[in-house]
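Residue numbering for the sequence shown follows our numbering, beginning at 33 and increasing consecutively.
Written out below as structure tokens is the structure these notes cover.
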Amino acid sequence: MRIIDRIAALRSALAEPRRRGQAVALVPTMGYLHEGHLQLADEARRHAAVVVMSVFVNPMQFGPHEDYTRYPRDLEGDAMKAERRGVDVLFAPPVEEMYAGDRTVVVTPLSLADRWEGAARPGHFTGVLTIVSKLFNIVQPTVAVFGQKDIQQATLIRSLTRELDFGVRIVVAPTVRERDGLAMSSRNAYLSNEERKRALVLYRTLRGIADAFDGGQYDAVELEQLGWEILATEPEVQVDYLAIVDPTRLEPVAVAEQGTIVAIAARAGTTRLIDNVILGGT
Ligand code: PAF
33 MRIIDRIAAL RSALAEPRRR GQAVALVPTM GYLHEGHLQL ADEARRHAAV
83 VVMSVFVNPM QFGPHEDYTR YPRDLEGDAM KAERRGVDVL FAPPVEEMYA
133 GDRTVVVTPL SLADRWEGAA RPGHFTGVLT IVSKLFNIVQ PTVAVFGQKD
183 IQQATLIRSL TRELDFGVRI VVAPTVRERD GLAMSSRNAY LSNEERKRAL
233 VLYRTLRGIA DAFDGGQYDA VELEQLGWEI LATEPEVQVD YLAIVDPTRL
283 EPVAVAEQGT IVAIAARAGT TRLIDNVILG GT
């Protein structure tokens, strides 16, 4: 595996495979890799001969009071895990390489970004879409793989790619969970044992709603009510939203159907966690 930290060096490393007509897959990450990220690399391998994983903690997608400086980082550990998992190129640029000089252009999404994560984290998706656009232009992948856990991000990236004609195929891979159901996330490292136990209520809630749907309950108000009842069993967990929404606009639905998304965001202690399930699926 090659570790590259400069844009020009990455472009020249990819010139030869591109000349040979080999497909290139990109797995964008912010590092501190866990099994969830590594399964994105596995998925990428199913679509391309060359797998590039980026590791970049993107300052633009963090709000002023968020965890940019304390976000966990471990480039050495990441390199070992990525190499063992068969990643071909690890692209880990420093901030100055990605954001050189004054910033005069960003990629800002429209209304889809105003709700849920966008409402809780103003400017977050501008940061995400700007860095993802840059990575797409730098790597020029055939396919890019993102995790379902960040469902609104994945939805916006699909729109970005379609509406700005990036010509990159977007694959969204299922959320990888710990044995007890907690969705894998680099931010789980912040949780104390007690908070981690409490955080399991997120998946219990999603599962409860999904099971009720599988059992024939389609009324979204009833499903949401059931969700709030489960959430009430862990009063220490501060819920930001519980949303039952359609998969393209992420707007609340009255009647749930196959493919409807149930998304949740909540704080366990000071750690903000998100998770979701797709009804009738994962
Ligand atoms: O999902 C993430 O880790 C980040 O938002 C991404 C897509 C790597 C952009 O910084």
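Every residue gets a Cβ at the ideal spot worked out from N, C-alpha and C, and that includes glycine.
Note that the coordinates shown come from a computational prediction; the quantities given were computed from them, not determined experimentally.
So residue i is in the beta strand (DSSP E); what residue range does that whole segment cover?
i: N308; result: T303 to I310
i: V87; result: V82 to V87
i: F94; result: First-last for F94: undefined, no H or E at that position.
i: A41; result: It is not in any beta strand (DSSP E) - A41 instead sits in the alpha helix (DSSP H) that spans I39 to R51.
i: V271; result: Q270 to V277
i: V294; result: I293 to A300
i: R211; result: Element bounds for R211: n/a, residue is neither H nor E.
i: V121; result: V121 to F123
May I ask you to report which of helix, strand or coil DSSP gives residue i?
i: V138; result: coil
i: L255; result: helix
i: T265; result: coil
i: F198; result: coil
i: E179; result: Note on identity: in this sequence residue 179 is Gly, with Glu being the wrong assignment. Strand.
i: T61; result: strand
i: R190; result: helix
Using C-beta distances below 6 Å, list every residue in its chain close to residue i, excluding the 5 sequence neighbours before and after it, in chain order.
i: A114; result: M85 and L122
i: Y100; result: P91 and F94
i: V269; result: R230, V233, A298 and A300
Excluding the five sequence neighbours on either side, which residues of its own chain have a C-beta within less than 8 Å of the C-beta of residue i, listed in chain order?
i: R77; result: A57, V83 and G118
i: V191; result: Residue identity check: residue 191 is Ser in the sequence provided, not Val. Here the set comprises P141 and L144.
i: A221; result: Y64 and P104
i: E129; result: D37, R38 and I39
Quick one: give me the first and last residue of the alpha helix (DSSP H) that residue i is part of.
i: R78; result: E67 to H79
i: A143; result: The question names Ala, but residue 143 is Ser in the sequence shown. Counting along the chain, S143 falls outside any alpha helix (DSSP H), and DSSP gives it neither H nor E.
i: M112; result: L107 to R116
i: D243; result: N225 to D246
i: S218; result: It is not in any alpha helix (DSSP H) - S218 carries neither H nor E in the DSSP assignment.
i: M130; result: V127 to M130
i: V287; result: No alpha helix (DSSP H) contains V287, which DSSP labels as neither H nor E.
i: A151; result: E149 to A152
i: V160; result: H156 to V171
In chain order, what residues of the same chain have a beta carbon less than 7 Å from the beta carbon of residue i, not counting five sequence neighbours either side?
i: R147; result: L282
i: E266; result: R230 and V233
i: E75; result: V177, V203 and A205
i: E195; result: none
i: R51; result: none
i: V127; result: P91
Nearest CA to the CA of residue i: which residue from the options?
i: A152; options: L65, Q93 and M112; result: Q93
i: G240; options: A47, V253 and G259; result: G259
i: I21; options: L274, V137, A286 and L70; result: Shown here, the chain extends from 33 to 314; a query on residue 21 therefore has no answer.
i: G213; options: H97, L238 and A221; result: L238
i: V89; options: R102, R236, H79 and R51; result: R102
i: P96; options: G159, M112, L46 and T136; result: G159
i: R304; options: R228, I262, Q257 and E129; result: R228
i: T280; options: I183, L72, F198 and R34; result: I183
i: E67; options: M216, V200, D272 and Y235; result: M216
i: A111; options: M33, N225, T292 and Q290; result: M33
i: A288; options: G313, A264 and E268; result: G313
i: G179; options: V309, A45 and L46; result: V309
i: Q249; options: A286, S218, A55 and E268; result: A286
i: V87; options: V59, I306, D272 and D134; result: V59
i: D278; options: D246, E268, Q290 and V269; result: Q290
i: V164; options: V200, A41 and T292; result: V200
i: S247; options: L311, T302 and T193; result: Residue 247 is actually Gly in this sequence, not Ser. Considering only alpha carbons, the answer is L311.
i: L161; options: G133, F198, A132 and V175; result: F198
i: V208; options: T136, I293, A132 and A73; result: A73
Q.
Between the region 200-212 and the region 176-190, can you find at least three pairs of beta-carbon atoms closer than 8 Å?
A. Yes, since at least three Cβ pairs between the region 176-190 and the region 200-212 fall closer than 8 Å, the two stretches touch.
Q) Pairing CB atoms from the region 96-109 with CB atoms from the region 53-68, are three or more of them under 8 Å? A) At 8 Å Cβ cutoff, the stretches touch.
**Q.** Stretch-stretch touch, CB-based, cutoff 8 Å, three pairs: the region 249-257 with the region 122-132
**A.** The region 249-257 vs the region 122-132: no contact.
**Q.** Meets three-Cβ-pair contact criterion under 8 Å: the region 165-172 and the region 285-300
**A.** Contact annotation: the region 165-172 does not touch the region 285-300, with fewer than three C-beta pairs closer than 8 Å.
(Q) Check whether the region 133-140 and the region 152-164 touch, using three or more Cβ-Cβ pairs below 8 Å as the test. (A) Flag = yes, the region 133-140 and the region 152-164 touch.
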